[in-house]
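S.K.: In our numbering, the protein residues as written are 1219 to 1502.
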C-alpha cells in the first residue's frame, strides 16, 4: 500500500490510450510522478508480451512507483450491466481485479456505473458493501467514481451511496471532468468529509460541452489550465476539507496518440503542477 498524499502526482493509464505497462511507466518517470493507476487490459497486454503479473510488479517497483488504483470495475452490480454491443471496454471479472490489486499492492479498486442512467441505491449499496468487505480483508479501499449520466451523478449522491454500505473503506474518486459536466456544485463538495475523497482525477474542459459527452470524456479532455474548470478553487476546496488524496492526472485525449509517452508524462505533470503552484503558493 502506498503512502502517497496531496503533494504527490499519480499518472493515470488512460493518458496513453494505446500504451502498455512499459509506456505508462516511462511516461510517469519522465513527469516525476510518484504513482500510477492500471487497468486489467494493461496487465493482459503485458502478460501477452511475456511479462507475468509478478514481473509487472517488479518492473513498477524498480522505477520507484506505487500503484494507487486498479481501474475500472464495471460489473460490480447486476442492475447496471451493459446491453449486448453496448460496452466500449471489456467487462473484466471481479476476481481478476482483486488478483491484480493484490499482486501490485494497489491502494484501491475503482468502481463506476458504466451503463444505464438509473440505479436503485439500496440494492447498489448491498452490492458495493459485499465488494468493500472483500477489499477490507486485504486492507484496500473501494473507490466509487460518480458519472454525470448515471444513477450516481454527483458527490452528494455518491456519499449517500457510500454511507448506505456502512463500510468505512468505501471512498469517492473525484474526477474534475465529471464534476464539471454534472452539478458543478462547490458547496456540495465542501460538505463532503475530506476523508471520504481518497483518489482524484484532474483534467480540464471548455465551459460548453461537446455534442456527445461520452466522446468528449473518452477522447477530448484538456490539459489542466487549458479549459474552464475552476481547478485552482477545486484544489483549495479539497485541501480545506482535509482530503489526503494524491493528485491523479487523467487527460484522456486522442492528441496524445501522436506524442511519445515521455512527452505525455512531462506535459501532463507540468500542467498540473502549474495549477498546484497557483492554488497553494508553493513549489509542487
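Cβ coordinates follow ideal geometry from the N, Cα and C atoms, glycine included.
(1) Residue 1253 by DSSP, collapsed to three states: which one?
(2) Looking at residue 1256: is its Cβ nearer than 8 Å to the Cβ of residue 1228?
(3) Checking 8 Å against the spacing of the C-beta atoms, do residue 1407 and residue 1375 come in under that value?
(4) Which residues does DSSP pair with residue 1227 in a beta bridge?
(5) Pick helix, strand or coil for residue 1236, following the three-state DSSP scheme.
(6) For the alpha helix (DSSP H) containing residue 1350, list its first residue and its last residue.
(7) Excluding five sequence neighbours on each side, which residues of the same chain lie with their C-beta closer than 8 Å to the C-beta of residue 1236?
(8) So within the stretch 1423-1452, which uninterrupted alpha helix (DSSP H) runs reach at least 4 residues, ignoring any that extend past its ends?
(9) How would you label residue 1221, buried or exposed, when you count the other beta carbons within 10 angstroms and need 16 or more for buried?
(10) Does any C-beta atom of chain B lie closer than 8 Å to the C-beta of residue 1275?
(11) If contacts are defined as beta-carbon pairs under 8 Å, then residue 1283 and residue 1243 qualify, I think. What distance do you get, rounded to the angstrom?
(12) If residue 1343 sits next to residue 1383, beta carbons under 8 Å apart, how far is it from one beta carbon to the other, in whole angstroms?
(13) Which of helix, strand or coil does DSSP assign to residue 1331?
(14) Check whether the stretch 1420-1436 touches the stretch 1327-1335, counting contact only when three or more Cβ pairs, one atom from each stretch, lie closer than 8 Å.
(15) Output needed for residue 1287: all residues of its chain with C-beta closer than 6 Å, excluding positions within five of it in sequence on either side, in chain order.
(16) Measuring CB to CB, does residue 1453 end up less than 8 Å from residue 1498?
(17) Should residue 1442 go down as buried or exposed, given a rule of 16 or more other Cβ atoms within 10 Å for buried?
(18) Have a look at residue 1504 and residue 1268 and give me their C-alpha separation to the nearest angstrom.
(19) When you compare each of 1487, 1488, 1412, 1447 to residue 1457 by their alpha carbons, which one comes out closest?
(20) Which term fits residue 1430, buried or exposed, when burial requires 16 or more other beta carbons within 10 angstroms of its beta carbon?
(21) For residue 1439 and residue 1485, what's the separation of their Cα atoms in angstroms?
(22) May I have the straight-line CA-CA distance separating residue 1462 from residue 1308, to the nearest angstrom?
(23) Would you mind sorting residue 1363 into buried or exposed? The rule is 16 or more other CB atoms within 10 Å of its CB.
(24) Going by beta carbon distance, what residues of the same chain come within less than 7 Å of residue 1447, once the five residues before and after it are set aside?
(25) Which two residues bound the contiguous beta strand (DSSP E) that contains residue 1403?
(26) Closer than 8 Å by C-beta to residue 1224: which residues in its own chain qualify, once you throw out the five before and the five after it? Chain order, please.
M.R.: Here's the rundown:
(1) As a first step, residue 1253 must be located in the chain shown, where it is residue number 35. In the structure shown, residue 1253 sits in a strand (DSSP, three-state: E or B).
(2) Start at 1 with the first residue of the chain shown, and residue 1256 comes out as number 38. Start at 1 with the first residue of the chain shown, and residue 1228 comes out as number 10. Residue 1256 is not a Cβ neighbour of residue 1228, given a cutoff of 8 Å.
(3) The residue labelled residue 1407 in the question sits at position 189 within the chain shown. The residue labelled residue 1375 in the question sits at position 157 within the chain shown. It is not a contact, given that the beta carbons lie outside the stated cut-off.
(4) Here residue 1227 refers to the residue found at position 9 when the chain shown is read from its first residue. Answer is 1465.
(5) In the chain shown, counting from the first residue as 1, residue 1236 sits at position 18. Three-state DSSP puts residue 1236 in coil, outside helix and strand.
(6) As a working mapping, residue 1350 is identified with position 132 in the chain shown. From DSSP, the alpha helix (DSSP H) with residue 1350 extends over 1339-1354.
(7) By one-based count along the chain shown, residue 1236 stands at place 18. Within the same chain, residue 1236 has close Cβ partners 1475.
(8) Counting only runs of 4 or more, we get 1431-1437.
(9) Residue 1221 sits at position 3 when you count from the first residue of the chain shown. Residue 1221 comes out exposed.
(10) Absence of chain B from the displayed structure is noted, only one protein chain being present.
(11) By one-based count along the chain shown, residue 1283 stands at place 65. By one-based count along the chain shown, residue 1243 stands at place 25. About 7 Å; that satisfies the 8 Å criterion.
(12) Reading the chain shown from its first residue, position 125 is the one you call residue 1343. Reading the chain shown from its first residue, position 165 is the one you call residue 1383. So it is a contact: roughly 5 Å between Cβ atoms.
(13) On the chain shown, position 113 is the one that residue 1331 refers to. In this structure, residue 1331 counts as coil in the three-state DSSP scheme.
(14) no
(15) Taking the chain shown and counting its residues from 1, one reaches residue 1287 at position 69. Cβ within range, chain order: 1255, 1326, 1328, 1417.
(16) Walking along the chain shown from the start, residue 1453 turns up at place 235. Walking along the chain shown from the start, residue 1498 turns up at place 280. With respect to the 8 Å criterion, residue 1453 and residue 1498 are classified as neighbours on the basis of their beta carbons.
(17) Working through the chain shown from its first residue, we reach residue 1442 at position 224. Residue 1442 is buried by the Cβ-count criterion.
(18) Not covered by the structure: residue 1504. The range shown for the chain is 1219 to 1502.
(19) Start at 1 with the first residue of the chain shown, and residue 1457 comes out as number 239. Out of 1487, 1488, 1412, 1447, 1412 has the C-alpha closest to the C-alpha of residue 1457.
(20) Translated into positions along the chain shown, residue 1430 becomes position 212. Answer is exposed; the Cβ neighbour count stays below 16.
(21) As a working note, residue 1439 is residue 221 in the chain shown. As a working note, residue 1485 is residue 267 in the chain shown. One C-alpha to the other measures close to 14 Å.
(22) Numbered from its first residue, the chain shown carries residue 1462 at position 244. Numbered from its first residue, the chain shown carries residue 1308 at position 90. Approximately 31 Å, taken between the alpha carbons.
(23) Mapped onto the chain shown, residue 1363 falls at position 145. Classification for residue 1363: buried.
(24) Counted from its first residue, the chain shown places residue 1447 at position 229. Answer for residue 1447: 1394, 1398, 1422, 1423, listed in chain order.
(25) Sequence index remark: in the chain shown, residue 1403 carries index 185 (1-based). Residue 1403 -> no beta strand (DSSP E), and no H or E assigned at all.
(26) Taking the chain shown and counting its residues from 1, the one referred to as residue 1224 is at position 6. The answer, listed in chain order, is 1456, 1457, 1461, 1462, 1463, 1464, 1465.
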